[in-house]
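A quick write-up on the structure given underneath.
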Amino acid sequence: MNHLTRRNLIKYAAAVSLPLFLPSRVFGDDAPSKKINVGFIGLGWQGGSNLDQFLAVADCRVLAVCDVDDKHLAGGAAKVNKKYGDESCKKYQDFRDLINDPDIDAVAINTPDHWHSIPAIMAANAKKDIFCEKPLSHTLAEGIAMVEASTRNKRVWQTGSWQRSQTSFRHAAQLVQNGYIGKVFRVEVGLPGGHNDFLKLGKDTQDGLPPADVDYEQWIGPAEMMPFNPSRFHKNWRWNYNTGGGQLMDWVGHHVDIAHWGLANPAFGCGPDDAIGPLDISATMSFPDPKATWNTATDYRIECRYPQDVEMIIGVNGKARAGQQGSAPTAAPDPEKLRNGTVWFGDKGWVYVSRGKLEASNKEWLKEIREREQKGTLEVPLYKSPGHMQEFIDSIKSRKRTLTPVEVAHRSQTPGHLALIAARLGTKLQWDSKSQSFVGSPEANAMLSKKFRAPWKL
Ligand SMILES: NC(=O)c1ccc[n+]([C@@H]2O[C@H](COP(=O)([O-])OP(=O)(O)OC[C@H]3O[C@@H](n4cnc5c(N)ncnc54)[C@H](O)[C@@H]3O)[C@@H](O)[C@H]2O)c1
2 MNHLTRRNLI
12 KYAAAVSLPL
22 FLPSRVFGDD
32 APSKKINVGF
42 IGLGWQGGSN
52 LDQFLAVADC
62 RVLAVCDVDD
72 KHLAGGAAKV
82 NKKYGDESCK
92 KYQDFRDLIN
102 DPDIDAVAIN
112 TPDHWHSIPA
122 IMAANAKKDI
132 FCEKPLSHTL
142 AEGIAMVEAS
152 TRNKRVWQTG
162 SWQRSQTSFR
172 HAAQLVQNGY
182 IGKVFRVEVG
192 LPGGHNDFLK
202 LGKDTQDGLP
212 PADVDYEQWI
222 GPAEMMPFNP
232 SRFHKNWRWN
242 YNTGGGQLMD
252 WVGHHVDIAH
262 WGLANPAFGC
272 GPDDAIGPLD
282 ISATMSFPDP
292 KATWNTATDY
302 RIECRYPQDV
312 EMIIGVNGKA
322 RAGQQGSAPT
332 AAPDPEKLRN
342 GTVWFGDKGW
352 VYVSRGKLEA
362 SNKEWLKEIR
372 EREQKGTLEV
382 PLYKSPGHMQ
392 EFIDSIKSRK
402 RTLTPVEVAH
412 RSQTPGHLAL
422 IAARLGTKLQ
432 WDSKSQSFVG
442 SPEANAMLSK
452 KFRAPWKL
């Protein structure tokens, strides 16, 4: 077939009465053989790790990198050039230039949380496909706008919630979705608490001048202008609400995302997971002084009710499970404490999953799910990812939905956004997942968005 040109094939199709419709992908720019050109925005901790993974995907070419820190920019470009053995990697300091580069097919956004929505929406409007880190957005309103822009522009979107590309998480969600534990009535999600000094700086470093090789104005972007402080900068920005959301928001995009995945079959849970959401929510949190360098909640406990009588508890792992409602099962995996990860309880048993751990009330299920998946006999088989980045690149070519599209990521992080508002107001709130607004609380609805610093607009 190699010698077959488009013209020959059309002639051939006419001769043998084949349909004349040929998708442009077969011959055009999106041809399956074409490498997908990716531009990287943000090359810090996670951006560096994502870059390694994209560079390992054969049918992807990293064409450009962008960062406001010259050192990170140079390091990213050097890594790309080393991989391809040339000097071709383009370097941008302003993400708008990278997005407007006509050679770029897709962008990978690895910036701090306050810098996800604007580049993502601009990229969608520029018809680029999008890989964006979790948590999807800094406020719920940003998430809604990201879903809207991506959907309107028909973009392929993958979120950095890579747990969906791992076997143990898929098996856990498959066990729940295939009814092994029966009707789900409760889900518990254990997440880290406290703060973590990733750069070993100490949270109370002095305010000062930004390093000369950093465009700090562009780093702060739409957030409130604050003096430069190393403890609020690279990596540790997540401990201040100006730029991040603390441990809670850092982790909802992982373990709550998996909780929703398991619940996605309405026969046993309350899915689908691109529309799922709580009916009501209450939360208690321990907040440091709002003016502290690290002011995000160090401890939290969230209780929400989902459709079909599913109760969800999200709390700090290692904390006592005591104080739960009467329906709380005392069965394993740990009758005393919330464990890091996700556990679903149904009327026939439970399943627990976390990184490196998959357990169930009936050990036989773990073997059975593997075997049935291999034989293809599952009623609800979940998509087996070839790898999170590979799946994104494959989806760009086929235009199929990825494992973590924008609407799923948005719903996965919604309980985190709502809980922060419920805790700040100190009251239980009713939530309407369809209109994505609180019922009867204008005060809470006003907290769903945040004013951007000029000239940035959502
Ligand atoms: N999926 C995961 O497992 C995982 C793990 C860690 C972090 N993350 C997410 O990845 C994102 C980045 O986190 P991190 O820990 O790598 O942060 P980081 O501070 O280490 O890196 C962020 C990078 O973005 C750059 N940047 C900031 N503003 C920019 C702008 N306007 N234009 C271009 N570059 C800009 C910074 O200079 C820095 O190099 C966050 O959303 C975080 O939640 C995901």
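Residue numbering for the sequence shown follows our numbering, beginning at 2 and increasing consecutively.
Ideal placement from N, C-alpha and C gives every residue a C-beta, glycine not left out.
Only a predicted model underlies this, so the values are computations on that prediction, with no experimental measurement involved.
Among Lys-385, Ala-173, Leu-419, the one whose alpha carbon lies nearest that of His-1: Any answer about residue 1 is impossible in this case: the structure gives the chain only from 2 up to 459.
Buried/exposed call for Glu-365, threshold 16 Cβ in 10 Å: exposed
Any non-hydrogen atom of ligand 1 closer than 6 Å to Cys-67 Cβ: yes
Run of the alpha helix (DSSP H) containing Tyr-217, from where it starts to where it stops: 217-221
Phe-96 - containing alpha helix (DSSP H), residue span: 96-100
Proximity test, Lys-201 beta-carbon vs ligand 1 heavy atom, cut-off 6 Å: no
Inter-residue CB distance, Gly-86 and Leu-52 (contact presumed, cutoff 8 Å): That pair is no contact at about 16 Å.
Heavy atom of ligand 1 within 6 Å of Leu-74 beta-carbon: no
Close Cβ partners of Phe-132 (< 6 Å) along its chain, the five nearest in sequence each way excluded: Ala-109, Gln-159, Phe-393
Option in Met-123, Cys-61, Asp-281 with minimal Cα separation from Trp-457: Met-123
Cut-off 7 Å between Cβ atoms - residues of its own chain near Ala-447, not counting five sequence neighbours on either side: none
Inter-stretch contact (C-beta, 8 Å, three-pair minimum) for the stretch 245-254 and the stretch 170-185: no
Beta strand (DSSP E) segment containing Gly-316, residue limits: 311-317
Exposure label - Pro-291; buried when at least 16 CB within 10 Å: exposed
Close beta carbons around Pro-387, own chain, < 7 Å, minus the five adjacent residues each side: Asp-395
Cα-Cα separation, Ala-32 to Asp-106: Since pLDDT at Ala-32 reaches only 48, below the 50 mark, its modelled position is unreliable, and no value is offered.
Best match in Asn-101, Pro-406, Val-354 for proximity to Gly-263 [C-alpha to C-alpha]: Val-354
Ile-277 Cβ short of 6 Å to ligand 1 heavy atom set: no
Local conformation of Gln-431 per DSSP, three classes: strand
Status (buried if at least 16 other CB within 10 Å, exposed otherwise) for Tyr-384: exposed
Which of helix, strand or coil DSSP assigns to Gln-159: strand
The beta strand (DSSP E) enclosing Arg-454, as first and last residue numbers: Where Arg-454 is concerned, there is no enclosing beta strand (DSSP E), given that its DSSP letter is neither H nor E.
C-beta atoms of Gln-431 and Asp-281 nearer than 7 Å: yes
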